[in-house]
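Visitor: One structure, as structure tokens, below. Some questions next.
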Amino acid sequence: MQLDVQAILAEGDLERWRETAERVAAGHDIAVLQAPETGLVMVRATDSVEQVPFCLGEVLITEAAVSLAGVTGYGFALGDEPVRALCLAIINAALDAHVPEEEGIRRVIAAEGRRLQALKQREDNLVAGTRVRFATMEG
């Protein structure tokens, strides 16, 4: 399963995103359009039996918005994570504005994606070892 850029940014290492955002900010004028603030969003799910969508409940998120080279970047983070939301907004703005650092940013994201995939694979392997296989014995 290949993770998309937004999934990698959402799940990736905050320190990596902070360093990336700081590198972008050092070379560009960035205006904070919306300082990080928390809010609630409704989580939708699908019933596994009847395949009917329903509202599971609300989840806390942090959102931020910045402007870089006339392009607006948005950052959303699960929970109360103002630094992550702001870093993701800066990274998204940089990618959408096609700044000179874009290739380097994409390399960092790809490396983090590989790290997350390896973690997921290890977790899947651990879970697979606990799987129970039932067999019916005819008598």
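Once you know that position 43 of the sequence shown is 42 in numbering that gives the first Met the number 0, the rest is easy, because the numbers rise by one and skip nothing. For glycine and all other residues, C-beta sits at the position ideal for the given N, C-alpha and C.
Let me check understanding here. Comparing Cα to Cα, which of Ala30, Ala68 and Tyr73 lies closest to Glu62?
Guide: Nearest of Ala30, Ala68 and Tyr73 to Glu62, Cα basis: Tyr73.
Visitor: Give the range of the beta strand (DSSP E) segment to which Gln33 is assigned.
Guide: Here the beta strand (DSSP E) through Gln33 covers Ile29 to Thr45.
Visitor: If you draw a straight line from the C-alpha of Leu67 to the C-alpha of Ala96, how long is it?
Guide: Taking the straight line joining both Cα atoms gives about 7 angstroms.
Visitor: For Glu14, which option in Cys86, Val48 and Val126 has the closest C-alpha, if you only look at C-alpha atoms?
Guide: Cα-wise, what sits closest to Glu14 is Cys86.
Visitor: Could you give the distance in angstroms between the alpha-carbon of Asn124 and the alpha-carbon of Trp16?
Guide: Computed Cα separation, rounded: 28 angstroms.
Visitor: Which residues mark the beginning and the end of the alpha helix (DSSP H) in which Glu14 is found?
Guide: Segment Leu13 to Gly26, the alpha helix (DSSP H) holding Glu14.
Visitor: Tell me the rounded alpha-carbon separation between Asp79 and Arg130.
Guide: Roughly 35 angstroms separates the two Cα atoms.
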